[in-house]
Amino acid sequence: MINKGSKVLLEVKNLRAEVAGVEILKGVDLTVRAGEVHAIMGINGSGKSTFSKVLTGHPDYTVTGGSAMFEGKDLFSLAPEERARAGMFLAFQYPVEIPGVSNSALLRLAYNTLQTERGLEELDPLEFDDLIQEKIKVVEMDPSFLGRSVNEGFSGGEKKRNEILQMAVLEPKLAILDETDSGLDIDALRIVAKGVNTLLTSDNAVVMVTHYQRLLNYIVPDYVHVMDAGRIVRTGGKELALELEARGYDWLRAAA
Amino acid sequence: MSTALQNLVNQPYKHGFVTDIETEAVAKGLNEDVIRMISKKKEEPEWLLEFRLNAYRHWLTMEEPEWANVSYPKIDFQEIIYFAQPKPKKKLASMDEVDPELRRTFEKLGVPLHEQKLMTGVAVDVIFDSVSVTTTYKAKLAEIGIIFCSFSEAVHDHPELVKQYLGSVVPSGDNFYAALNSAVFTDGSFCFIPKGTKCPMDLSTYFRINTEGSGQFERTLIIAEEGSSVCYLEGCTAPQFDTNQLHAAVVELVALDNADIKYSTVQNWYAGDENGKGGIYNFVTKRGLCKGVNSKISWTQVETGSAITWKYPSCVLLGDNSTGEFYSVALTNHMQQADTGTKMIHVGKNTRSKIISKGISAGRSSNSYRGLVKVGSRATGARNYSQCDSMLLGDRCAASTFPTIDVQNTTATIEHEASTSKIGEDQMFFFAQRGIGSEEAISMIINGFCKDVFVHLPMEFAVEATKLLGLKLEGSVG
Amino acid sequence: MLTKEQCYEQLLLGKTVKSESWLSPIRDKAGTRAQALNFPTAKQDDWRFTDLSPLFQHGFHPVDSYASVTLADIASLLIPGSIRLVFVDGCYASQLSDLEQAGAGVTVASLVEHSGDAQVEANFAQHALFDQDTFAALNTRFFEDGAFVHVTGETATPIHILNIATKRDTSSAIYPRCLVVMAANGRATVIEDYAGLNDGINFSNAVTEVVLNDDAQLQHVRVQREDKSAFHIGHCSVDAARGSVYTSTALAFGARVSRHDLHVTLRGEGAKVTLNGLALIGGRQIADTHTRIDHATPRCISHQLHKCIADGSAHAIFSGKIMVREGASGTDSAQSSRNLLLSGKAHIDTQPQLEIFNDDVSCKHGATIGQIDADALFFLKSRGLTEERARNLLTHAFAAEIIDMIPVPSLVESLGRTILERMNGNSAGGVSK
């Protein structure tokens, strides 16, 4: 939902970044306001996943130029956990497994860390259980997943739903979904999309990084950006995604 | 990540203070006269003196073991004080008569000696240097026939039981340190759970070495008669001294038909400083005998302290259908060395054993699992499952796994698995992205790594163990 | 019957073999070490499971004359189409050897005849160190001849090194020796084969050294099928340089008491080693395999699968150590020990060991000891097989997993037959009763 008057959450200017000495991002500009849904599309290797990792502070990537402000704060002066506490959330493309650490323990620790950050009371295990039982419905997960180790033995679809469950609990201001649709069957895709749509309000925003248009049938973007060779080369409305689906990426690359 | 790790694993030793209390100690050194004196001071019967002297004479013929994956300067056994006790040694009528200084010591350690303040439902025997200072809930337990007292008291009040079982599981000449202990042991805990009795509360012994230069040689004997069960906890601390101190305990467990003994240890002896100066040499012999059919002995240990740990809590599965279990977490840091594991000796039919060992090495420490699973030719249908996982924090530590499997029966099924891992960068980033700082993330990962062991600890110990590993998160244990 | 000391004294009375000027001092030094050392005892951790006492009862004499062996005598042991080097009681038998297939880039010859070769001088006794090893010291002091394989090119023809022990009036001490040097990018398959004729009570004390230079690849097969009264102690040291690939398949079927020590040092980055092993024994046999894989450099890979099958009142031992040194980051190692006990009197000890001094590694090991799967047995019996046939079939399948890894089809086939014979022998009362 576009509301030109709403608050700017993220403002990225001329962002450059490299990994292992190779420049991947070559000057990215992006502004995300509260209430908006953005999609960043592009072929493999265009830099779209790198963009999401650089914004959230993955240690493998080095920022070499440009700026990124999150609600007026310089993102790059914040540690990854500080960015998370400020309200940035990354749904991982490849969710990691943490043997022996239960889903509910992780969620409660993350939630209580945020509560403390916001000057609110921490929840004890019982109170937290009430909260989580509500949240888990959003992603139609079986409560037994809460007691299991984080992502251990989960199917691809279950891992992605688990990411959205974490998003539901942490209620971020800006959620970046990195290829959340990859490896999902149609039912899982529908559940994930429903979860994201449920969580969308006029105060938060979502950036979807995706290769395909099909996720956008379920989560309708306000803006579609096409990334190529480390830059955003075209920005349009949701119809741009359909055009990409029909014509491929090559015509845009040639134009750029 | 490495700074957070260092902060976490380098927390100062909190129990390193010395209690200023008048102590009576015999001169250092060991000979038959010292043993006679210990025995006399404790007003022991002749047979016990004989037991000690036999052990001593055998010990003189033995060689100090060198096979473990540990190295340390040779111990001068004549430089050790073999007996030290807080003065005055008179019979205490109640807890309130315990020396106030001593009481404060234990309160500081989190072991209050007043029964009202005790951990609910846990009876405690407290061993200070060589002797037992007090045992709580004794009278209450006596009402249902459970004997829980210091070893010295047991020698006086229940000599027939002590005589019957002492050395029956760990013979006095079993190994070098067991022989030494048998010669000079000074006190310890004694438990007897009569037929058909489920011990209504956890029994606990708290060990504290206080006097510099003294060795601690305690002896624990637990007997669970037919159909009984007991849960026993053991905790240990010591002050910080620059010299190394020797702790050579012997623990014997006997489980008769259908009896069940669960023995848990949280060992946090002083580990020496970061350069390896000082610390306890923890050379302990622990063995349980599943004597009766369907009996069960379960060892759970969390080993975080000591300069050197050398212990292999073992089970001899004699009774048919008996079960032995070993759950261990060993954390080493700085210059610590741990060589620990278990022996499961399958003798009876359809005996089962399970081994879960988790080793965490940091700093320049060395952490070894050493185990033996032996299936005798009569042990038809024996089964064992072992899992030994190591986690290395940093690139200057070492982790080793030395399992030995020795099978002489075709119907046995033995499985052993081991793996080595580290904390992955991607795991750390995941935690950070969920707003969780690196210190807590590491705690959580380590806690998760140890979970299979922690679930076997009684609640109070699980909490203590979690804290000990620097883990702040409640609720993920148990 | 001799005592242990007398047995050792007798071994020290071995024959002095005249050598090249560079080799003589090495032999002398080995002799001095042999004098200073003695048989290992059960107190030494590496020997605590191995009962050598049956060996001590015999006096083993030096081989002082050539035995007469014909090609017909060894026909069943031959591998058709191979390059063949035959040794009888440790002496090179040129009339039994067939080096015709050795083309360009492949040298297969008597070690003594090639002792002037720079590769021999540069590598001999540099890898199998005798300073603390009694048996390596004795071998280095007394070996008569050995095999020298030098591969600079690539050969698809297997190289068969056949060591035959014969029966003599007195028991012999035999010292097979083998040196394999793979030049950079060299590729070959070498089969080291130890067999006996006519049930002699001999003691074969073999030492093999294998050197792989950068990116070389060697398939190394070792077959120990000595006579049932023989004693066999073999040591093999392997040195693997950068990018090299070493694959070993070692089988132990024979001997009253046998021991195989295999030490692999991954000295160059990215080297890869695969060790497959099988001990299949019965009667009163003892077969002991000790392996050590030393990850000394980064990003090396090691995989190991060892199987023991023990019948009768046999005793099989496996001890496998994986060491990861401080700088060896990116190490990937997996070790598995699988064991099958076929008789109530048989006995298996297994000791897989990890020693790790680096946090950036992926290491795992596993061990199982079990019996023949009851469900599989029932299934086969329900299809009409007798208990014995069903058991043999399943045992054979268990063993075949290793044998099938040998890259020489004719050898796979003949060894498969050997196993079946052995098993039938075992169920009829054991190999060496």
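Residue numbers (this note's numbering), protein chains in the order written: chain A, 3 to 258; chain B, 29 to 506; chain C, -11 to 421. Glycine included, every Cβ here is placed at the ideal spot set by N, Cα and C.
Around the C-beta of residue i, are 16 or more other C-beta atoms found within 10 angstroms, so that it is buried, or is it exposed?
{"i": "T66/A", "result": "exposed"}
{"i": "M(-11)/C", "result": "exposed"}
{"i": "A243/A", "result": "buried"}
{"i": "D299/C", "result": "buried"}
{"i": "M487/B", "result": "exposed"}
{"i": "W338/B", "result": "buried"}
{"i": "D119/C", "result": "exposed"}
{"i": "G476/B", "result": "buried"}
{"i": "R120/A", "result": "exposed"}
{"i": "F367/C", "result": "exposed"}
{"i": "T368/B", "result": "buried"}
Rounded to whole angstroms, what's the CA-CA distance from residue i to residue j? Just pull it up for me.
{"i": "V137/C", "j": "V96/C", "result": "5 Å"}
{"i": "D320/C", "j": "L0/C", "result": "43 Å"}
{"i": "E262/B", "j": "Q415/B", "result": "24 Å"}
{"i": "Q23/C", "j": "R156/C", "result": "27 Å"}
{"i": "G47/C", "j": "P101/A", "result": "59 Å"}
{"i": "L186/A", "j": "A229/C", "result": "45 Å"}
{"i": "V208/A", "j": "L179/A", "result": "7 Å"}
{"i": "I297/C", "j": "A388/C", "result": "12 Å"}
{"i": "I360/C", "j": "M363/B", "result": "46 Å"}
{"i": "Q349/B", "j": "Y413/B", "result": "What sits at residue 349/B in the sequence shown is Asn, not Gln. Near 16 Å, if we compare the C-alpha coordinates of Y413/B and N349/B."}
{"i": "T332/B", "j": "W297/B", "result": "8 Å"}
{"i": "Q215/A", "j": "L250/C", "result": "58 Å"}
{"i": "F218/B", "j": "S232/B", "result": "11 Å"}
{"i": "A170/B", "j": "F176/B", "result": "8 Å"}
{"i": "D39/C", "j": "D33/C", "result": "13 Å"}
{"i": "Y165/B", "j": "K226/B", "result": "16 Å"}
{"i": "A183/C", "j": "D77/C", "result": "10 Å"}
Provide the residue(s) that pair with residue i in DSSP beta bridges, ordered along the chain.
{"i": "H208/C", "result": "V178/C and S236/C"}
{"i": "G308/C", "result": "T279/C and P340/C"}
{"i": "H384/C", "result": "H384/C is not bridged to any residue."}
{"i": "R380/B", "result": "T351/B and R411/B"}
{"i": "K28/A", "result": "R18/A"}
{"i": "S398/C", "result": "Looking at the DSSP assignment, S398/C forms no beta bridge with any residue, so it has no partner."}
{"i": "A183/C", "result": "I152/C and R213/C"}
{"i": "P431/B", "result": "G399/B"}
{"i": "G238/A", "result": "V226/A"}
Compute every distance between the C-beta of residue i and the non-hydrogen atoms of the ligand ZN, then say whether any falls below 8 Å.
{"i": "C166/C", "result": "The ligand ZN is absent from the structure shown, which contains no ligands of any kind."}
So within the region 88 to 131 of chain C, which uninterrupted beta strand (DSSP E) runs reach at least 3 residues, ignoring any that extend past its ends? 94 to 98
Closer than 9 Å, Cβ to Cβ, to anything on chain B: give me those residues from the region 332 to 354 of chain C, in chain order. G332, K333, A334, H335, I336, D337, T338, Q339, P340, Q341, L342, E343, I344, F345, N346, D347, D348, V349, S350, C351, K352, H353 and G354
Ignoring anything shorter than 3 residues, give me the beta strand (DSSP E) runs that lie fully in the region 303 to 377 of chain B, in order along the chain. 307 to 318, 324 to 331, 336 to 339, 342 to 345, 351 to 360 and 365 to 374
Of all the alpha helix (DSSP H) runs that stay within the bounds of the region 184 to 258 of chain B, which reach a length of 4 or more residues? 187 to 193 and 204 to 212
Alpha helix (DSSP H) runs wholly inside the region 319 to 376 of chain C, at least 4 long, in chain order: 362 to 370
Using a Cβ cut-off of 9 Å, which residues of the region 420 to 438 of chain B contact any Cβ in chain C, in chain order? L420, L421, G422, D423, R424, C425, A426, A427, S428, T429, F430, P431, T432, I433, D434, V435, Q436, N437 and T438
Ranges of the alpha helix (DSSP H) found wholly within the region 155 to 201 of chain A, counting only runs of at least 4: 158 to 172 and 188 to 201
Which residues, in chain order, does the region 438 to 469 of chain B contribute to contact with chain A at a C-beta distance below 9 Å? S449, G452, E453, D454, Q455, M456, F457, F458, F459, A460, Q461, R462, G463, I464, G465, S466, E468 and A469
Ranges of the beta strand (DSSP E) found wholly within the region 58 to 105 of chain B, counting only runs of at least 3: none
Sequence ranges, beta strand (DSSP E) only - wholly within the region 82 to 145 of chain A, length at least 3: 90 to 93 and 100 to 104
Selection of the region 221 to 232 of chain A by Cβ proximity to chain B, strictly under 8 Å: none
If the cut-off is 8 Å on Cβ atoms, which residues from the region 470 to 486 of chain B count as contacting chain A, listed in chain order? M472, I473, N475, G476, F477, C478, K479 and D480
Any residues in the region 162 to 178 of chain A with a beta carbon nearer than 9 Å to a beta carbon of chain B? Which ones, in chain order? Q168 and L172
Closer than 8 Å between beta carbons: that is the criterion. Which residues of the region 284 to 310 of chain C meet it against chain B? none
Can you give me, in chain order, the residues of the region 37 to 64 of chain A that have a beta carbon less than 9 Å from any beta carbon in chain B? K55, T58, G59, H60, P61 and D62
Anything in the region 85 to 118 of chain B with a Cβ closer than 7 Å to a Cβ of chain C? List those residues in chain order, please. W95
Please list the residues of the region 374 to 390 of chain C that have a C-beta atom closer than 9 Å to any C-beta atom in chain B, keeping them in chain order. none
Under 9 Å, CB to CB, which of the residues in the region 151 to 173 of chain C have a partner in chain B? none
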